[in-house]
Amino acid sequence: MRLARLRARVMREIETDIIVVGGGPAGLCAASEAASAGAGVTVVESDLHLGGQLVKQTHKFFGSREEFSGIRGYRIADLLLGEIKERGSLVETLTNTTVTGYYPEDRTFTAMEGEESFFRIRARGAVVATGAQERLIPFPNNDLPGVYGAGAVQTLMNVYGVTPGRDVLMIGAGNIGLIVSYQLMQAGVRVVSVVEASSRIGGYWVHAAKIRRLGVPILLGHSIKEALGRDVVEGAVIMELDEKFAPTGAEFRVDCDVICLAVGLTPTNEILSQAGCRMRYVPQLCGFVAERDRTMRTSNPAFWSAGDATGIEEASAAMVEGRIAGLCAARSLGFPARMEKFDEYWARLDRLRGGEVGGRIRAGISAVTMEQVHDAL
Amino acid sequence: MTGMTYEEKVGNTVICRCEEVTLSEIRDWIGRGYDTVTELKHVMRVCMGPCQGRGCRDIIMREISQAAGIPLDRVEAGAVRPPVKPVKTRLLASGDD
Chain P
1 MRLARLRARV MREIETDIIV VGGGPAGLCA ASEAASAGAG VTVVESDLHL
51 GGQLVKQTHK FFGSREEFSG IRGYRIADLL LGEIKERGSL VETLTNTTVT
101 GYYPEDRTFT AMEGEESFFR IRARGAVVAT GAQERLIPFP NNDLPGVYGA
151 GAVQTLMNVY GVTPGRDVLM IGAGNIGLIV SYQLMQAGVR VVSVVEASSR
201 IGGYWVHAAK IRRLGVPILL GHSIKEALGR DVVEGAVIME LDEKFAPTGA
251 EFRVDCDVIC LAVGLTPTNE ILSQAGCRMR YVPQLCGFVA ERDRTMRTSN
301 PAFWSAGDAT GIEEASAAMV EGRIAGLCAA RSLGFPARME KFDEYWARLD
351 RLRGGEVGGR IRAGISAVTM EQVHDAL
Chain B
1001 MTGMTYEEKV GNTVICRCEE VTLSEIRDWI GRGYDTVTEL KHVMRVCMGP
1051 CQGRGCRDII MREISQAAGI PLDRVEAGAV RPPVKPVKTR LLASGDD
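So the protein lines, in turn, are chains P and B. Going left to right, the first sequence walks through residues 1 to 377 as this note's numbering numbers them. Going left to right, the second sequence walks through residues 1001 to 1097 as this note's numbering numbers them.
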């Protein structure tokens, strides 16, 4: 009896060739690629379903056919899941499961399914594709009910079919602010205004034009001064900023019941830090990211990284980075990966990052790219 | 927050929601020379609640950078220890589900 109880107390442990932390676009591509070389892969996703942000993206992607142009985000998620299914038993997926930590001294991950099951995962290699988290900005009353992150609004509407309110003030005119504004209007919600602190629209013109055609003002050089309301959001004070982001003194009030913050994302990097990967703060990549070589391998030779966790970019780039990380991780573990794909993937990444828009990303990436330092494990 | 000046309202803004730490408290400690995230963690428990700093670390680093004149990429960001989200002690103690 006593022995039996003791045995039951030994923590469950999963063993796998490659653990992929995060089942979004980068993680799924990494898993598929590694499994196609014959590696056993365990994908661990904290959300209830795989696909990451793709599942709430109802807009069509741009670019070339190989980057899924003309296909809506949530359909791309379905395509990736189909690809994972083709890999059969080589890919195991765990949803509603969070990797809660990595312990370098034991080379062990811990994971929690829901809130009631806790276990260990041991892997020979890891691809960290943990994505990003939303930034918040401080302003008085920013904790009133009715202040949302744009990602939360997108989840409410596009995953659960719930509108967040009637009149939305959108803070931020990057792609997320613009796209979510349009989706709010598609759902019958009024967007009072989009305010943007900088003097230019950060997102693509095509997204900005859509909401301008529908009559929504985009106020550049403006920001939120404070939220108004006693128990819930009832309005906001908007202030004008000069080119150095200092208030000019001009301000006015708007009525709204939702304030939606689309002020940027920052890489989610806890597991990489815990693995001792050399990290660096890179403004162009929007936060702390791991140094890596062109195979997406970090300074810890058992860790690769891909997607927004390596720097905020679009899902198209995240998917290609995931493929590079999965391919190279499998090869380093001794699986017969088809390395001729490596150059093709890099050519695709270079195309995605071409042009003026990609300049910032290219600068950020060159700041954290190290010479290839490792070979096989 | 009625009756307060705007500056007072700004100072009263809660930055670390897990541990309910306001902007003015953070600015006070930075003013006393606590210009790393690790030191601020030790004195105020910021970044030590359920979200482990996902909501506030970024804002605190900007405050340190501005107040102490340290470029953002040089601001010490503090260690990120496991677990990254709350785990019931019972689970840790029993070792399994």
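Ideal Cβ positions, reconstructed from N, Cα and C, are used throughout, including at glycine.
Please list, in chain order, the chain B residues whose beta carbon lies closer than 7 angstroms to that of residue i.
i        : result
Asn142/P : Thr1013
Glu234/P : The contacting residues do not exist; Glu234/P stays about 13 angstroms from chain B at best.
Phe68/P  : Here the premise fails: no neighbours, minimum Cβ distance about 30 angstroms.
Just list the residues that DSSP pairs residue i with in beta bridges.
i        : result
Glu66/P  : BP columns for Glu66/P are empty, so no partner.
Thr108/P : Tyr103/P
Gln133/P : Thr266/P
Ile361/P : DSSP output for Ile361/P lists no bridge partner at all.
Glu251/P : Met239/P
Tyr148/P : Cys260/P
Phe303/P : Ala126/P
Thr298/P : Arg292/P
Lys60/P  : Arg72/P
Helix or strand or just coil, what does DSSP make of residue i?
i         : result
Tyr1006/B : helix
Tyr1034/B : coil
Arg280/P  : strand
Ser1024/B : helix
Leu219/P  : strand
Cys29/P   : helix
Glu83/P   : helix
Asn12/P   : Residue 12/P is actually Arg in this sequence, not Asn. Coil at Arg12/P, not helix or strand.
Ile121/P  : strand
Ala227/P  : strand
Met1/P    : Annotation note: pLDDT 46 at Met1/P (below 50); position unreliable, no value reported.
Leu1092/B : helix
Val189/P  : coil
Lys244/P  : coil
Arg1057/B : helix
Val55/P   : helix
Ile1098/B : With chain B covering only 1001 through 1097, there is no way to say anything about residue 1098/B.
Thr98/P   : strand
Thr155/P  : helix
Val1043/B : helix
Val368/P  : helix
Asp308/P  : helix
Asp143/P  : coil
Ile1070/B : coil
List the residues of chain B that residue i touches, going by C-beta distances under 8 angstroms, in chain order.
i        : result
Thr100/P : Pro1082, Pro1083, Val1084, Lys1085 and Val1087
Ser273/P : Ala1079 and Val1080
Need the endpoints of the beta strand (DSSP E) that residue i sits in, please.
i         : result
Val180/P  : Careful: Val180/P lies outside any beta strand (DSSP E), inside the alpha helix (DSSP H) at Asn175 to Gln186.
Leu169/P  : Asp167 to Ile171
Gly290/P  : What sits at residue 290/P in the sequence shown is Ala, not Gly. Looking at the DSSP string, the run of the beta strand (DSSP E) that includes Ala290/P is Gly287 to Ala290.
Ile1015/B : Val1014 to Cys1016
Just to make sure I have the definition right: I need the residues of chain P whose C-beta is within less than 8 angstroms of the C-beta of residue i. Which are they?
i         : result
Lys1009/B : Pro140, Asn141 and Glu226
Arg1017/B : Asp143
Gly1055/B : Leu136
Going along chain B in order, which residues have a C-beta closer than 9 angstroms to the C-beta of residue i?
i        : result
Arg378/P : Any property of residue 378/P remains undetermined from this structure, which presents chain P solely from 1 to 377.
Glu115/P : Pro1086, Val1087, Lys1088 and Leu1091
Gln154/P : None at all; the shortest Cβ gap to chain B is about 18 angstroms.
Would you mind reading off the limits of the alpha helix (DSSP H) that contains residue i?
i        : result
Cys328/P : Ala315 to Ser332
Val206/P : Trp205 to Arg213
Leu352/P : Glu340 to Leu352
Starting from the beta carbon of residue i, find every residue of chain P whose beta carbon is closer than 7 angstroms, and list them in chain order.
i         : result
Leu1023/B : Pro138
Which chain P residues are close to residue i, counting only those with a beta carbon under 9 angstroms from its beta carbon?
i         : result
Leu1072/B : Tyr281 and Pro283
Quiz item: Are the segment 52-69 of chain P and the segment 83-99 of chain P touching, with three or more C-beta to C-beta distances below 8 angstroms?
Solution: no
Self-check item: Meets three-Cβ-pair contact criterion under 8 angstroms: the segment 86-103 of chain P and the segment 36-56 of chain P
Solution: yes
Quiz item: Are there three or more Cβ pairs, one per stretch, closer than 8 angstroms when the segment 1068-1076 of chain B is compared with the segment 275-291 of chain P?
Solution: yes
Quiz item: Counting Cβ pairs, one atom from each stretch, are 3 or more of them under 8 angstroms apart for the segment 265-272 of chain P and the segment 214-230 of chain P?
Solution: no
Quiz item: Does the pairing of the segment 45-55 of chain P with the segment 322-340 of chain P give three or more beta-carbon distances under 8 angstroms?
Solution: no
Self-check item: Segment contact flag, the segment 10-24 of chain P with the segment 324-337 of chain P, C-beta cutoff 8 angstroms, min 3 pairs
Solution: yes
Exercise. Check whether the segment 178-187 of chain P touches the segment 199-208 of chain P, taking contact to mean three or more Cβ pairs, one atom from each stretch, closer than 8 angstroms.
Key: yes
Practice problem: For the segment 23-30 of chain P and the segment 129-140 of chain P, state whether three or more C-beta atom pairs, one from each stretch, are separated by less than 8 angstroms. | Solution: yes
Quiz prompt | Given 8 angstroms, three or more beta-carbon pairs between the segment 209-218 of chain P and the segment 244-260 of chain P | solution = no
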